[in-house]
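**Student:** This is the structure I want to talk about, given as C-alpha cells.
Protein chains in written order, with our numbering: chain B, 1 to 368; chain X, 1 to 628.
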C-alpha cells in the first residue's frame, strides 16, 4: 500500500522536475513579451491563471476528499443517505462562479477596448500594408513608397499599424512576442498594431491554415533604433543599382538572374536604373543582401542556404510554388544556383549595419 | 413462432423478418441493433482517427522531420477532426441514445424505427464515402472547419473538398432525422407515470441535444450547399476573385459548430449523471438544477459562436459581447461539476472502471473548462487562437470530457447490451494507460501553444523551445495507444467468453436494468409503470423513499390479448441511403446521368417505404414463459 502511494506520486514529481528544468521563454513564446500589446495579453492570462488555481484546488481537493472519505469499504453494503439536493448549496455554488466570471470579465472588457479598437493612424505611427500570399508575406510602407517581403522592419518604440490583406486564401499575422494575431481575409480590411520596446529580431508565423506549405509561412520582425530604421528605408527609396561587380560569381549570378527567368516574377530595384521588372504577387527581392532569412524565414540567409533554396526549393520548403529551374541531372545547377545566391546576397549588402541578433539572446525584459 | 400471429401485408412489398444473420442487420429497424451498429461504427471510425493522430504525432515528434508531405499531413488532421467530430464521438452519443433512451423511458422502440435505420445508414455510408477519397485522388486537406476560401475551386481543385462537403451534408441528413426521432420518442412514448421531471438525466440530455441538432444543422447544411453549388454549378458564394466575403462561411459554420460542442458533450454529461449516482448509491444531487443548467447551456450555446472568430477582425464591441456570453456559459457548467461532486459526497462509492472514467472526466473537463474561460478572453485569445493551446483545450473538453465518459459508458452498459461483464482488472489497466497517456499527450500541448506553435503545421523549426513538449506529446500516444488496445482486447475477450452479468449487475436505478440482459427484441414483457424518479431503485430499496414504490416490471397494464406488436424489418432505409450516396458520387464526378438515375431510384425507395405496409407480428411473452 505504501509503495502504491509512492508509485502514484511519481508521475507528478517527474512532471515538476521537468517543468522546473525548462524555460518557457523562446523566440516565439507568449511568455517573453517585448511590447505593450503582448505584455497586456500575457498579463490577462497570468491574472486568470492565478484566479483558476483556487478553483482547481477546490475541485481537486473535494474530489480527493470524497474518494478517500466515501469509498466503499470491503463488505459494506449499506445504503447512504438519499440526499436529493440542497437549495442553499446550489445558490452558493452558482454565486461563486458568477463572482469569478465578473472578476475576469471586467479586466477582459477593458483590455478588449484598449487593444482592439480601430486606430486612425497618425503622423507618428508607421503604417504597413501586410498582404499574405501562399506562402510568403508582402510588406508595403505607403508612407515611404517602399515594398519588401518576409522581413518587417519597424522602429523601436513606435506604434506600427498593420493593414492586413490577403492575396488568395486566409492567413494570420502572428509575432507572439509583439502581440496576438489577426487574420488576413480576402476582401476585408483588418487591422493590427504592434510595438517593439527593444531592438532585435522577433519571430513570426502564419497561424491560419492556408493549405500546402502553411507551416513554412514564417516571417521576422526586425526592430531597429529609429535612425537605423530611417537608413533602412532610404536604402529602399534609393536602391544601389549594381550592374557590374568585381566578384565574377556575383557577375555571373546577375546574368543568370535574367537568363533563368527570376526577373520575370521577382522585382529587384537593384538590377537596373529605373526598371525593376517583376510582378507584385511575387516576393520583391530589392536589397536582398539586408535579409536575415530566405524562403519566408525558413532558413538563415547564408550563401549555402540561399543556393540550396534556389537550386531545389522543394527540399527546403515542401509544397512551395517557386519553380525548380534546373533538371536534377544538370551538371551546372549547383554552380549556377550558387552564383545567383551570391548575386542576391550582394544586393544592398554594403548598407548592412551591424547584425541585429535575436532580441532574446540580448536579454530583453521578460526573458528568464 | 408459435406465440406470434402474422399481420396481413401487401404482396408486392413484404417486410422481412430475419432475426439473425447478416440480412437481419442490414434490414433491422430494432433500436438496439441500430444502437450497436452506431457504437461499433463509431469505434471503427475512432480507430481510423487514432491512426491519423498517430501519424501526425510521429511527424511532429522531432523538429524539421519530413516523414509525410505537407499535403498528406493536411489530409491527416482534416480527416482526424472530421472523423472524431462527425463520425465517432457524436454518433457514439447517438448510438447510446438509440439503445438506451427507449429502454430508460420504458418504450419498445423509437417512434419511427425505419427512419432510425435510415439515419444510421446515411451516417455510416456518408462517412465511408468521405474515406473513399483517400483512394480517389486525396482526402480533404482543409481542416475539419473547412474555411472558405480554402474550399474554392481556384485554391483547391482536387476532389477532396467535394467529398468533405457531400459526405458531411449527407451524414447531416441522418443526424437530423435521428434527432427528430428521439424528440418524438421522448415526448410521446414515456412509460405511464414518467413525467418529464422523472426522466433519467441521460434522457433529458438527449432531448436537449436533439433539439440542438435540429437547430444547429440547418445553417451548416446551407453552408455545405453553398460550397457544393460553388464547386459543382459555378455559383460565387465563396469566390473571393468575384468579390465574395469568405467570412460568411465562418459564421455559418460556427453557428453550427459551437452548439456541436454541446451536442457532443451533453450526452456525456448525461452518462456521467447516470453512472455517478449508481456507483455512489445516491440520487443525482440537484436533479432539477442539472436539467435547467443543461437547458441554459443549450440556449447559450447558440449565442457564443463568434468566440471562434475573435481574430477575424469583428471589432471590440462584437468581441466583448461574445466574450461575455462565453463567460456566462461557464456558470451552469461549473454548477454541474459541483452537483456531481455533491452526488459523490456522502455516498458509498464503488470504484468500478465506469466510475473511474467519471472521476477522470471531472478532472479533465474542469481543466478544459478553465482553459475555455481563458480562450474566451479575446485579448488573450489573440495569442493562443489557432495554436496548440486551443488544440489542448478542446481535446481536454471533448476528448477527455466526452471520450473518457463514453469509454466509461461502454463498461457500464456492456453487460446490458451483451449479458456479459467486462473484465474489471483489464478495464482498470486500460483506464490508467488511457488517462495517463491522454494527459501526457495533451498537457504539453498547452505549453507548446504558449511557446508559439500554431496548429495545423506539418513541422516546426528547432531552437524555439518546442522540442520537449512535442516529444512528450508523441510519447503519450504510445501510452494511450496501449490503453486503447487493452480496451479493445477486453471488449473482444469478454464478448467471446465473459462472465455472465445478470440483469442488474450495478444495482441500477433506471428502467433498462428492469429487463433482461440483453433485452428481448420487444424490450419489455410488460409495459413498465413508474411513480417516482429512479422507480426501479425505489422498488429495490423501498426504505429510501417516501412514496409507496411499485414494481415497474410487474405493475403494467392489464394483459392485452393482441400481445405486443413488433414491426417487420425493411430494406428501404438501406436502399434509400445507397441511392443518396451513389447520387453524391454522380454529382462529385459531374456524372449527371448517374445522379439523375439515383434520384429516381431514391424516389422509388420512398414509395416502396411508404407502401410496404405495417408488417411484423404480435408477441405474447406471457405465453412464452417468464423471461426476466
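Ideal Cβ positions, reconstructed from N, Cα and C, are used throughout, including at glycine. Just so it is clear, the structure is predicted and the values come from calculations on it, not from any experiment.
(1) Taking its Cβ as the centre, do 16 or more other Cβ atoms sit within 10 Å of residue 528/X, making it buried, or is it exposed?
(2) Identify the contact partners of residue 459/X in chain B, using a Cβ-Cβ distance below 7 Å as the criterion.
(3) Could you list which residues in chain B have their beta carbon closer than 7 Å to that of residue 527/X, in chain order?
(4) Give the interface partners of residue 50/X over in chain B, defined as CB-CB distance under 9 Å, in chain order.
(5) Under three-state DSSP, which class holds residue 490/X?
(6) Measuring straight from C-alpha to C-alpha, what distance separates residue 181/X and residue 620/X?
(7) Return the Cβ separation of residue 175/B and residue 194/B in integer angstroms, given the expectation that the two are a contact with Cβ distance under 8 Å.
(8) With 16 other CB atoms within 10 Å as the buried threshold, where does residue 280/X fall?
(9) Report yes or no: do the stretch 358-376 of chain X and the stretch 264-281 of chain X share at least 3 C-beta pairs separated by less than 8 Å?
(10) If the cut is a Cβ gap below 7 Å, which residues of chain X does residue 212/B touch?
(11) Between the stretch 323-333 of chain B and the stretch 285-293 of chain B, are three or more C-beta pairs nearer than 8 Å?
(12) Relative to the C-alpha of residue 127/X, which residue among 457/X, 49/X and 282/X is closest?
(13) Would you be able to state if there are at least three C-beta pairs under 8 Å between the stretch 37-45 of chain B and the stretch 243-250 of chain X?
(14) Using Cβ-Cβ distances below 8 Å, what residues of the stretch 228-261 of chain X are close to chain B?
(15) Give a yes or no on whether 8 Å exceeds the smallest Cβ distance from residue 172/B to chain X.
(16) In the structure shown, what three-state DSSP assignment does residue 43/X receive?
(17) So, does the CB of residue 74/B fall closer than 8 Å to a CB anywhere in chain X?
(18) Once the 5 residues before and after residue 171/B are set aside, which same chain residues still bring their CB inside 6 Å of it?
(19) Here's the rule: buried if 16 or more other CB atoms are within 10 angstroms of the residue's CB, otherwise exposed. What is residue 440/X?
(20) Is it buried or exposed for residue 2/B, if we count other Cβ within 10 angstroms and need 16 for buried?
(21) Could you work out which residues of chain B lie near residue 323/X, taking near to mean beta carbons separated by less than 9 Å?
(22) What are the partner residues of residue 200/B, as DSSP defines its beta bridges?
(23) Between the stretch 266-276 of chain B and the stretch 237-247 of chain B, can you find at least three pairs of beta-carbon atoms closer than 8 Å?
(24) Could you give the residue range of the beta strand (DSSP E) that holds residue 140/B?
(25) Give every residue of the same chain whose Cβ lies closer than 6 Å to the Cβ of residue 458/X, excluding the five residues on either side of it in the sequence, and list them in chain order.
(26) Run through the DSSP bridge pairs and tell me what residue 233/B is partnered with.
(27) Looking at the secondary structure, which residues open and close the beta strand (DSSP E) in which residue 133/B lies?
(28) Using a beta-carbon distance cut-off of less than 9 Å, what residues from the stretch 180-195 of chain B approach chain X?
(29) Mapping the DSSP letters down to three states, classify residue 304/B as helix, strand or coil.
(30) Can you give me, in chain order, the residues of the stretch 129-153 of chain X that have a beta carbon less than 7 Å from any beta carbon in chain B?
(31) With a threshold of 7 Å on Cβ separation, who are the neighbours of residue 325/X within its own chain once the five nearest residues in sequence on each side are excluded?
(32) Between residue 345/X and chain B, is any beta-carbon pair separated by less than 8 Å?
(33) Given a cut-off of 8 Å, decide if residue 190/X and residue 270/X are closer than it, judged by their beta-carbon atoms.
(34) Could you tell me whether any Cβ in chain B is nearer than 8 Å to the Cβ of residue 433/X?
(35) Is it a yes or a no for the stretch 535-543 of chain X touching the stretch 567-576 of chain X, going by three-plus beta-carbon pairs under 8 Å?
(36) Can you list, in chain order, the residues of the stretch 87-98 of chain B whose Cβ is nearer than 7 Å to any Cβ on chain X?
**Tutor:** Taking the definition as stated:
(1) buried
(2) Residues of chain B passing the Cβ test: 215.
(3) None at all; the shortest Cβ gap to chain B is about 27 Å.
(4) Neighbours of residue 50/X on chain B: none; closest Cβ ~22 Å, over 9 Å.
(5) In the structure shown, residue 490/X sits in a helix (DSSP, three-state: H, G or I).
(6) Using only the alpha carbons, I get a separation of about 27 Å.
(7) Contact between residue 175/B and residue 194/B holds, with the beta-carbon distance rounding to 7 Å and staying under 8 Å.
(8) buried
(9) The stretch 358-376 of chain X, when compared against the stretch 264-281 of chain X, does touch it at the 8 Å Cβ threshold.
(10) 70 and 71
(11) Contact between the stretch 323-333 of chain B and the stretch 285-293 of chain B is not established, with fewer than three Cβ pairs separated by less than 8 Å.
(12) 49/X
(13) Fewer than three Cβ pairs drawn from the stretch 243-250 of chain X and the stretch 37-45 of chain B lie within less than 8 Å of each other, which leaves the two stretches out of contact.
(14) 240, 243, 244, 245, 246 and 247
(15) At least one chain X Cβ lies under 8 Å of residue 172/B.
(16) helix
(17) No, because no Cβ of chain X sits closer than 8 Å to the Cβ of residue 74/B.
(18) 132, 184, 206, 208 and 210
(19) buried
(20) Caution is warranted here: a pLDDT of 47 is assigned to residue 2/B, below 50, making its placement in the model unreliable, and the coordinate value is therefore given only provisionally. With fewer than 16 Cβ atoms within 10 Å of its Cβ, residue 2/B is classed as exposed.
(21) 105, 108, 109 and 112
(22) 223/B
(23) yes
(24) 136-141
(25) 70 and 73
(26) None, per the DSSP bridge assignment.
(27) 126-133
(28) Cβ contacts with chain X: 180, 181, 182, 183, 185, 186, 187, 188, 189, 190, 191 and 192.
(29) When secondary structure is reduced to three states using DSSP, residue 304/B falls in the helix class.
(30) 141, 143, 147, 149 and 150
(31) 300, 303 and 304
(32) Yes, contact with chain B.
(33) No, the pair does not count as a contact, with Cβ atoms beyond the cut-off.
(34) No, its Cβ sits nowhere closer than 8 Å to a Cβ of chain B.
(35) Using a C-beta cut-off of 8 Å, the stretch 535-543 of chain X makes no contact with the stretch 567-576 of chain X, since fewer than three inter-stretch Cβ pairs fall below that distance.
(36) 89, 90, 93, 94, 97 and 98
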